[in-house]
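If you're matching them up, the sequences are chains A and B in order. Here the first sequence is numbered in my numbering, starting from 388 and rising by one per residue. Here the second sequence is numbered in my numbering, starting from 592 and rising by one per residue. The beta carbon of each residue, even a glycine, is placed where N, CA and C say it ideally should be. Below is one structure, written out as structure tokens; the observations come after it.
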Amino acid sequence: MLGWEFPPLFSGGLGIATYGLVKALSPKTDIRLIIPQASANDLSNVNIIGLNQLTAQEIDLERVAFNFSFLNAKVHQLSVSISPYHYANQLIEDSQRNAFDALSTDQKSIDQINNIFSGKEVYGSNVMHKVYLFSKLSEEIAADGNFNVIHAHDWVTYPAGINIKHRTHKPLVLHVHALETDRVGGHARNEIYKVERRGMEEADKVIAVSHYTRQQIMEHYQIDEHKIEVVHNGIDPAGIVRTQHKLKDKLVVFLGRLTHQKGPQYLVETAEKVAQVYPRVKFIVAGMGDQFAPLLESSAYKKLGHHFIFAGFLSKAKVNELLALADVYFMPSVSEPFGLTALEAAQHFVPSVISSQSGAAEVMKSSLKADHWDTDKYANYIHALLRYNALHQNLSLGANHEIQHVTWEHAAEKVCGIYNQLYRN
Amino acid sequence: MPSVCFYFQVHQPFRLKPYDCFKIANDHDYEDEAKNREILDRVSKKCYLPTNHTMLNLIDKYQGDFKISYSLSGVLIEQLELYRPDVLKSFQALAETGCVEFLSETYHHSLSYLYSKEEFVRQVELHKAKIKKHFNQVPTVFRNTELIYNNDIANYISDLGYKGIICEGLDHILGYRSPNFIHYPPGNMKIKCLLKNYKLSDDIAFRFSNQGWDEWPLTAPKFANWAHQVAGNGETINLFMDYETFGEHQWPETGIFEFLQHIPGEIIKHPDFDFKTPSEVIRSYKARGEYDVNNLSSWADLERDLSAWLGNSLQHDAMERIYKLEKEVKESGDLNLINTWAKLTTSDHFYYMCTKYWNDGDVHKYFSHYNTPYDAYINYMNVLTDLEYVLEENKSEQSIKIRQLVDLVTAN
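Below, the structure written as structure tokens:
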């Protein structure tokens, strides 16, 4: 198993999903998990190899030759546009740069590798270097071929998956949690797109986290539909206590990175329309991203300041507190492969108004769905949830009931079925 | 001498137009005129006109030996008046033959009996007047919306002076007994219950074109043979169904019209059999057994209960909200407003909100123009919110007028 984000290090849903699946798979199968950065965890039956803790026993560096030169030439063009989550952080730490340089020479050492895969930045502007390094190291670590299936999560691990497949001739499963076409739009044909496409072409099976994503893969990547299986993510049960807020206004919550993909422009348009028909409403925006400033500006320009609260990036605990008092959860994503947050909202008995272009829409019948651009319909739905209590209650109970069946155990069972199928062939 | 008694339900609601929150307090016109017209045109073409034509020919051919009955909802008749007077005329032509009986129901095809007796009686009276006007008949047999029924309803209808009531023949009430006899509610011999033979009715209405059914294809001789087996153990075979069975639910290609054309001849081939209308059945046969229904029942779905209209919290909420407005609406004295309000009591609006099976894309979805039951609820509630706004506006207008009047009086 090849992962990238893994608790405690994650920036989005990938880390949560990888962890959830590995945990549910671990009683059913032995897993060797290679990730950039490992720390203490509660998983038994899983052999976790973190490159930040890589030792000379696990790898013979002498056998590996690194060549970053093709990438070094591009390093200045990489920057935010190619970074999957468009992090504002463009600083390349000098020590990391030096480490990459050193690895191309005879002075390479395990310390340099440990250094590169330490630190809090999961992606960063040198992400392509990391992906390359990860692929080379993983290939070496897995060269023994002592496993039956290779399972790689998202584009950052696909090159590693391909390398291992070529080296060991084991079947390759790619797990698509998100696509470059989700992040930058259907027209994306950049380096990341190419990595994804090549990976899926080489893979024996592709797992999509939703039927929606499966459709996207077929449409934008021209992958054979018979190769793609859908396995919905799960959600871990949580003890939930609702809290009543004392505000006279109703609260609509938006959670997520403020990037184009999450549809912040539709958030503002919708808020403007809801406020017209239901003035006692506040939209709470939790999350950060490159669209923060435009969002702030357009909400101010439309004189909606008093309808918005910008909460910034919130910890998991704070998110839970927020959901516990929210009245409506709103997810207007342009393209959302799954949308775990809508399920988390349902756990907190918060009814959702969500984009039809999402995986969550498939598993939550009891949610109100509109095309991501249809702000009239969004507003009509939010208005209805704020005004009609019976609807609010019906949907919050309904969605909460539905997600009881959306478990990682269920997902793990399906994944095991795919393993068995490949193993037998 | 057993009789076959046909009753066909003919109903189309006034559907609401897409009414989002931005229309509230701005737009007080709720109907989707284009859609209502379009659906009425389609059903007229596929069912009403060709079936009426067939019925008229059959009545003509058998010279009084073939008889049928209809229940036309008031809101359907109103739409025929507005959009399809030609179809209304074809029903009138049937009425003129003397072989067609028209039953009584609530004008608005509503569940008003359950929420307001006052409104229920008003709608029944409105309907009666409409039937008299167009068909020159005064109905003596009552059918409640979707055959919603229990002992209390039967007694109430009996007190209104009706001689008969139409209801579903429920297995769990009948037990080993046959639906093919007239029954009476416990302790009340003044009213007779006509029980639907749902097996034979559904053979036509639901199973006719089902190729997976081991009796498919159903022919008129085969069906008549089943009916004839009742001889000696039954007096009336009540075949009750939606009129849209002919041509709309069962398409012409299924052979439904050929089936219909041959049914009368095949039935009366047996010398003991004839056709009767509900009131003739009631006059001809005695009530043979007690039919004791305490819980509300209907003819809908497998459950035969009220869950299609009152099965979830949304439906209850919407239903309670509309009847809560009754007093205020009626006190306004505004006939337009009362009419608008009453159309919102039509049962279809609540049927669209049914969440029971919608995952399976079944019959409920077939009959709904909404994508989801939630959309149906939201649309309805937005309309209701606007109606409340209109009432509020009227009130303040009135109070201004009264104040002006008082000022005028005191100034003098």
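Task: Nearest candidate by alpha-carbon position, reference A/Ala625, set A/Ala777, A/Leu730, A/Gly402, A/Phe725 - done: A/Leu730
Open item on the list: With three or more C-beta pairs closer than 8 Å as the rule, is the segment 679 to 698 of chain A touching the segment 719 to 738 of chain A?
Closed with: no
Task: Sub-7 Å separation of B/Pro604 and B/Thr937 beta-carbons - done: yes
Open item on the list: Using a 10 Å radius around the Cβ and a threshold of 16 neighbouring Cβ atoms, would you call B/Asn903 buried or exposed?
Closed with: buried
- [ ] Give me the Cα-Cα distance between B/Glu568 and B/Ser664, rounded to the nearest whole angstrom.
- [x] Because chain B in this structure spans residues 592 to 1003, residue 568 of chain B falls outside the shown range and cannot be described.
Open item on the list: Whole angstroms are fine: how far does the CA of A/Gly643 sit from the CA of A/Leu465?
Closed with: Low confidence applies here, because A/Leu465 scores a pLDDT of 39, under 50, leaving its location unreliable and the question unanswered by this model.
Open item on the list: Just to make sure I have the definition right: I need the residues of chain A whose C-beta is within less than 7 Å of the C-beta of B/Asn903. Which are they?
Closed with: Asn781
Task: Interface partners of A/Tyr775 on chain B, CB under 8 Å - done: Asp908, Tyr968, Ile969, Met972
TODO: Kindly confirm or deny that the segment 738 to 758 of chain B and the segment 804 to 821 of chain B touch, where touching means at least three C-beta pairs closer than 8 Å.
DONE: no
Task: Sufficient close CB pairs (3 or more, under 8 Å) joining the segment 663 to 676 of chain A to the segment 698 to 710 of chain A - done: yes
TODO: Check whether the segment 703 to 720 of chain A touches the segment 578 to 598 of chain A, taking contact to mean three or more Cβ pairs, one atom from each stretch, closer than 8 Å.
DONE: no
TODO: State yes or no: is the C-beta of B/Ser749 within less than 7 Å of the C-beta of B/Lys781?
DONE: yes
Open item on the list: So B/Asp611 contacts chain A; which residues on that side make the cut at Cβ distance below 7 Å?
Closed with: Asp763, Asn767
TODO: Starting from A/Gly548, trace the alpha helix (DSSP H) both ways and give me its first and last residue.
DONE: 545 to 555
TODO: Take A/Ile446 and list the residues in its own chain whose beta-carbon comes closer than 7 Å to its own, dropping the five residues that flank it on each side.
DONE: Leu524, Glu527, Ile528
- [ ] May I ask you to verify whether the segment 673 to 689 of chain B touches the segment 646 to 654 of chain B, counting CB pairs closer than 8 Å and requiring at least 3?
- [x] yes
Open item on the list: Cβ closer than 8 Å: which chain B residues qualify as neighbours of A/Val664?
Closed with: Cys612, Phe613, Ile615
Open item on the list: Looking at A/His540: is its Cβ nearer than 7 Å to the Cβ of A/His562?
Closed with: yes
TODO: Look at the Cβ atom of A/Leu709, then the Cβ atom of A/Val640, and state whether they are nearer than 7 Å.
DONE: yes
Task: Partner residues on chain B for A/His770, Cβ-Cβ distance less than 7 Å - done: Cys612
Open item on the list: Strictly by DSSP, which residues pair up with A/Lys385?
Closed with: Any question about residue 385 of chain A goes unanswered here, given that chain A covers just 388 to 812.
Task: Contact under 7 Å by Cβ, A/Gly347 with A/Ala747 - done: Residue 347 of chain A falls outside the range modelled here, since chain A spans only 388 to 812, and no answer is possible.
- [ ] Out of B/Asn816, B/Thr868, B/Asp620, state which residue places its alpha-carbon closest to the alpha-carbon of B/His853.
- [x] B/Asn816
TODO: Using a Cβ cut-off of 9 Å, pull out every chain A residue sitting near B/Tyr747, in sequence order please.
DONE: Neighbours of B/Tyr747 on chain A: none; closest Cβ ~29 Å, over 9 Å.
Task: Amino acids of chain B, ordered along the chain, whose beta-carbon sits closer than 9 Å to that of A/Leu691 - done: By Cβ distance, chain B contributes nothing, its closest Cβ being about 17 Å from A/Leu691, past 9 Å.
Task: Residue interval of the alpha helix (DSSP H) (run including B/Lys813) - done: 811 to 819
Open item on the list: My parser needs the alpha helix (DSSP H) runs of 4 or more residues fully inside the segment 660 to 740 of chain B; what are they?
Closed with: 665 to 674, 676 to 687, 703 to 706, 708 to 726
- [ ] Give the DSSP bridge partners of B/Gln841, in chain order.
- [x] B/Phe837
Open item on the list: What does DSSP give as the partner residue(s) for A/Ile421 in the beta ladder?
Closed with: A/Leu389, A/Ile436
TODO: State the Cα-Cα distance for the pair A/Ala799 and A/Gln499, rounded to the nearest angstrom.
DONE: 36 Å
Open item on the list: In the DSSP assignment, the alpha helix (DSSP H) including B/Ile782 goes from what residue to what residue?
Closed with: Where B/Ile782 is concerned, there is no enclosing alpha helix (DSSP H), given that its DSSP letter is neither H nor E.
Task: Residues bridged to B/Tyr971 (per DSSP) - done: Its beta-bridge partners do not exist; DSSP assigns none.
- [ ] Can you have a look at A/Leu566 and say buried or exposed, based on whether 16 or more other CB atoms are within 10 angstroms of its CB?
- [x] buried
Open item on the list: Measuring only the C-alpha atoms, how far is A/Glu354 from A/Asn767?
Closed with: Not covered by the structure: residue 354 of chain A. The range shown for chain A is 388 to 812.
- [ ] Closer than 7 Å by beta-carbon distance: list the chain A residues that pair up with B/Tyr980, in chain order.
- [x] Result: empty, since nearest Cβ-Cβ is about 12 Å, beyond 7 Å.
- [ ] Report the rounded CA-to-CA distance for B/Ile873 versus B/Leu705, giving the unit in angstroms.
- [x] 26 Å
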